[in-house]
Amino acid sequence: MNLRIGAFGRQETASMVLIAAFFGGCFGMDSHALYADGNASYLVQIIATVQALLLFEGTVWVLRLRGGNDISALIGRSRIKRLLAVPIVLALMLAAMQPLESFLLTMTQYVFTDAKQVIACLYLLPCLFLLTALGAETLMRTARILLPILLLSIVAAVLSGIGQYRLYRIHPIPLGEPFRIFTQAGSAQIRAAAPLLALLCVGEGTQDRMAMRSGGRIGAIAGGLIAAAALFALSMTFPYTQLVDMPAPFYRMLVEVRAENPTLRLDRAVLFLWFSGAILSSAFYLYAASVLFAKSFHVRDVRPVALCMSGIAVTLILVLYYDSKTTAAILERMYRDAWILISVPFPLILLNPKRRKRCAVSS
Amino acid sequence: MRRIFIMLLCCTLLLGCMQSKNIDEYAYVLNVGVERGTTMPYLMTVLVSVPGGTEDTKVENVVITAEARSFSEACETLNAAYPSRLSFARASLLAIGEDLAKDGAQSAFLDFAFGKPDLWPNLRTVVVKPPIRDVFEGWITEADPSLRKIKTAVGDLAIESGIAADIGYSTYLEAISDKRFDAMLAYAGVNEYGLEPDLIGGEAYPHVGGSLLVESALKTSTAGSAVFDGDRMVGILDGRHTMETLMVTDAFRKGEMRFTLPDGSALDATLYRMRAPKVRLGHGEATVELFLEADILEPALVSADRDALKTFLQDQLETELRAVLSALQQAGSDAMGFGRFRAKQFRTAADWEACDWKAEYRSLRVAFSVTLMLSHDPERE
Chain A
0 MNLRIGAFGR
10 QETASMVLIA
20 AFFGGCFGMD
30 SHALYADGNA
40 SYLVQIIATV
50 QALLLFEGTV
60 WVLRLRGGND
70 ISALIGRSRI
80 KRLLAVPIVL
90 ALMLAAMQPL
100 ESFLLTMTQY
110 VFTDAKQVIA
120 CLYLLPCLFL
130 LTALGAETLM
140 RTARILLPIL
150 LLSIVAAVLS
160 GIGQYRLYRI
170 HPIPLGEPFR
180 IFTQAGSAQI
190 RAAAPLLALL
200 CVGEGTQDRM
210 AMRSGGRIGA
220 IAGGLIAAAA
230 LFALSMTFPY
240 TQLVDMPAPF
250 YRMLVEVRAE
260 NPTLRLDRAV
270 LFLWFSGAIL
280 SSAFYLYAAS
290 VLFAKSFHVR
300 DVRPVALCMS
310 GIAVTLILVL
320 YYDSKTTAAI
330 LERMYRDAWI
340 LISVPFPLIL
350 LNPKRRKRCA
360 VSS
Chain B
0 MRRIFIMLLC
10 CTLLLGCMQS
20 KNIDEYAYVL
30 NVGVERGTTM
40 PYLMTVLVSV
50 PGGTEDTKVE
60 NVVITAEARS
70 FSEACETLNA
80 AYPSRLSFAR
90 ASLLAIGEDL
100 AKDGAQSAFL
110 DFAFGKPDLW
120 PNLRTVVVKP
130 PIRDVFEGWI
140 TEADPSLRKI
150 KTAVGDLAIE
160 SGIAADIGYS
170 TYLEAISDKR
180 FDAMLAYAGV
190 NEYGLEPDLI
200 GGEAYPHVGG
210 SLLVESALKT
220 STAGSAVFDG
230 DRMVGILDGR
240 HTMETLMVTD
250 AFRKGEMRFT
260 LPDGSALDAT
270 LYRMRAPKVR
280 LGHGEATVEL
290 FLEADILEPA
300 LVSADRDALK
310 TFLQDQLETE
320 LRAVLSALQQ
330 AGSDAMGFGR
340 FRAKQFRTAA
350 DWEACDWKAE
360 YRSLRVAFSV
370 TLMLSHDPER
380 E
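Protein chains in written order, with numbering that gives the first Met the number 0: chain A, 0 to 362; chain B, 0 to 380.
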């Protein structure tokens, strides 16, 4: 089988998971839902990261018990069991769409204001396909190279806005409704758990389960904490009453600097760097979804699946942008409730009575 | 196959050459202003900088106006009437006419989505005594063709002297959309204009601060502040009262004040912020502790009776702060930002939104306590 997983180490794994966790946390959010009842976004991010880690650790533990390196080993091979892969594939596709949609909106509305979304998507599709077709090793190594400069850009963005930070803006902290915070964290699983879920799909490429576990753990914790810190900085820049209707809050944070600030006009450079990171993390999700699909349904080459997945994701982004309000409402609802896609098959997969059966290693 | 792919990829790099526009085809808007129109609801005034084409051609600043019903309509009118394409990307000052601000009518005009037009979101925002054309023309000088120094000076004025409030458009929008505080914008006017009634009482030249008339190359000055209740301007604070309000909001760094001593003699002091003010908000009452350092310019007065002088200055500042707050409460403006502390007392956003803070604010009792440290004070050293 030509799955193009290759081999990668702990640093590469951690870098990829960190980038995906950061972009999911900061750019995949639904502002309406997150800020409608006050601003606890940074707390939601931390709780969502903890929940995602518990899910990941539980899965790795079951993998150790049953033997196997990736999630396809747990799904099983009967026709009905294979269907359990479908919600996970859909969840990964949605996770891939979220940051891309956010960035395309930012690009076409604030940077290339005369550009059409469809033109921007035409540029995006070859990038996504190329990355997904090259496979996991390329994705992971690119992430390792890109990580330092991305971290630097995040630090620069957070520091440039420091003059605008006011602590009063985080109030009122909605601690009176802890259940709501936990519910929001549950809904955020589509962006918090997706990097680890994608890693579980390509776990075969890591040296062993322990390398996958430590790489995933480091990446998820670091990415989650950086995202929470960035969300806290955002909370000090804008009150929740403004954030609830803000289409691209992190880009807005970049351009909040005053005319005298030396970091003026840094926004475009940082935005393009972030866009590269978002494309990389989306390609990672799409590749993982393609691999899981190919393994579950015995497709021998991952590239046609990757091309289809990339095409469908980009088309859905366009539909969300262009089509009627009804379609947009359906897709928005999917974003909000997409965590169900993970929460339904996972218990079934983990409770699968199969014991100690070695999975066939394919490459 | 690979060669064809690389060639196609290279072709995409050439797309930037299509429909390109040279930089000298643009004219850059430096200041944007809006006031009440005569035939249409709004009059938009822009100060445009036309870059010189060669070394011999100087940068030219011109003021152009258009009456319109909306911002986009005004932009279209201006673009149609001007030979170059107007770019708003470098605008760094937004002026709101006092006539519009008093009715809160500027909000409908400035209700445009971020990014459209290409305005920098946090551009400096000031209230201007109309006509805005005169004010913009008063800023044009050959010594500073890009007006960069003048605009930096407005910011410096706020930091160095405390007699002007320097806030950006984002903060202004926050103030009118969120009830935690009310906006306080710098006030600009042409120096020749007459006296304006100050919110606290008496008359002042708010736009020249400190009630001093100036003669300079610039015909326009910025000082004092316009205070708002929501999006409606409710009055003017002169330089001194602006300074005192900024002390409570922790935006004050240093400034000069003149005090009249009991014997009728005057004392000039430079006040510095020592540390952040402490504000405690209880049920219907609040305490504000301010920590300042005073550098007395007449050393003989200090050495005479240090403690008595310190107590006198503290009492005088507290009295003035009470007067400023009382006037602001009557005008319905929470320019001191007590709402920021009230919001902290809520555990859900719904409860905070249900709270009628403005009604509470009008009857809020505030005790001011000023701790003043004289420079070269043996206690401090």
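Don't be surprised by glycine CBs; every beta carbon is placed ideally from N, CA and C.
Bounds of any alpha helix (DSSP H) do not take in Asn-30(B); it lies within the beta strand (DSSP E) bounded by 25-35. When C-beta atoms of the stretch 20-39 of chain A are compared with those of the stretch 184-199 of chain A, three or more pairs fall below 8 angstroms, so the two segments count as touching. The continuous beta strand (DSSP E) containing Ala-222(B) extends over residues 219-228. Listed in chain order, the beta strand (DSSP E) elements of length 3 or more contained wholly in the stretch 153-200 of chain A amount to none.
If you compare the alpha carbons of Ser-281(A), Leu-150(A), Met-252(A) with that of Ile-225(A), the shortest gap goes to Leu-150(A). Take Arg-216(A), set aside five residues on each side of it, and no residue of its chain has a beta-carbon closer than 6 angstroms to its own. Not a single C-beta of chain A is nearer than 8 angstroms to the C-beta of Trp-356(B). The beta carbon of Pro-248(A) is closer than 7 angstroms to those of Ser-30, Leu-233, Phe-237, Leu-242 in its chain, skipping five residues each way along the sequence. Counted as a single uninterrupted DSSP element, the alpha helix (DSSP H) harbouring Tyr-34(A) occupies residues 30-34.
As the crow flies, the alpha-carbon of Pro-173(A) is around 44 angstroms from that of Ile-4(A). Within the stretch 327-347 of chain B, Arg-339, Ala-342, Lys-343, Phe-345, Arg-346, Thr-347 place their CB atoms closer than 7 angstroms to a CB of chain A, listed in sequence order. Residues of the same chain with a CB within less than 8 angstroms of the CB of Ala-293(A), apart from the 5 flanking positions on each side, are Met-0, Leu-2, Arg-299, Asp-300, Val-301, Val-304 in chain order. Bridge partners of Asn-1(A) according to DSSP: Asp-300(A). Burial is judged here by how many other beta carbons sit within 10 angstroms of a residue's own beta carbon; Asn-21(B) has fewer than 16 and is exposed. Here DSSP, grouped into helix, strand and coil, assigns Met-252(A) to helix. Runs of beta strand (DSSP E) with 3 or more residues, each lying fully within the stretch 272-334 of chain B, are found at 284-295, listed in chain order. In the DSSP secondary-structure assignment, Leu-230(A) is not bridged to any residue.
Using beta-carbon distances, Arg-251(A) counts as an interface residue toward chain B, with a partner under 8 angstroms. In this chain, the beta strand (DSSP E) harbouring Val-49(B) covers 41-49. According to the DSSP assignment, Leu-52(A) belongs to the alpha helix (DSSP H) that extends over 40-65. The C-beta of Tyr-321(A) has fewer than 16 other C-beta atoms within 10 Å across all chains shown, which makes the residue exposed. Residues of chain B with a Cβ closer than 8 angstroms to the Cβ of Asp-36(A) are, in chain order, Thr-347, Ala-348, Ala-349.
Taking all protein chains shown into account, Tyr-239(A) has 16 or more neighbouring C-beta atoms within 10 Å of its C-beta and is therefore buried.
The beta carbon of His-170(A) falls within 8 angstroms of a beta carbon belonging to chain B, placing the residue at that interface. The beta carbon of Thr-141(A) sits closer than 8 angstroms to those of Leu-130, Leu-279, all from its chain and outside the five residues before and after it, given in chain order. Taken atom to atom, the span from the alpha-carbon of Arg-346(B) to that of Lys-178(B) is near 17 angstroms. Counting only runs of 4+ residues, the alpha helix (DSSP H) found wholly inside the stretch 50-132 of chain B occupies 70-80, 97-102, 105-108, in chain order.
As DSSP reads the structure, Arg-208(A) sits in no beta bridge. Restricting attention to Ser-101(A), Val-318(A), Gly-57(A), the CA atom closest to the CA of Phe-22(A) is found in Ser-101(A). Counting only Cβ-Cβ distances below 7 angstroms, Gly-162(A) has no contacts in chain B at all, with the closest Cβ about 10 angstroms away.
Taking C-beta separations shorter than 7 angstroms and ignoring five residues to either side along the sequence, the partners of Ser-91(B) in its chain run Leu-29, Trp-119, Leu-122, Arg-123, Lys-150, following chain order.
Identification of residues in the stretch 154-183 of chain B having a C-beta nearer than 7 angstroms to some C-beta of chain A yields Gly-154, Gly-167, Ser-169, Glu-173, Ser-176, Asp-177, Arg-179, given in sequence order. In the DSSP assignment, Glu-255(B) falls within the beta strand (DSSP E) that extends over 253-259. Within 10 angstroms of the beta-carbon of Asp-102(B) lie fewer than 16 other beta-carbons, which makes it exposed. The Cβ-Cβ distance between Ala-268(B) and Leu-296(B) falls below 8 angstroms. According to DSSP, residue pairing for Tyr-186(B) in a beta bridge involves Val-126(B).
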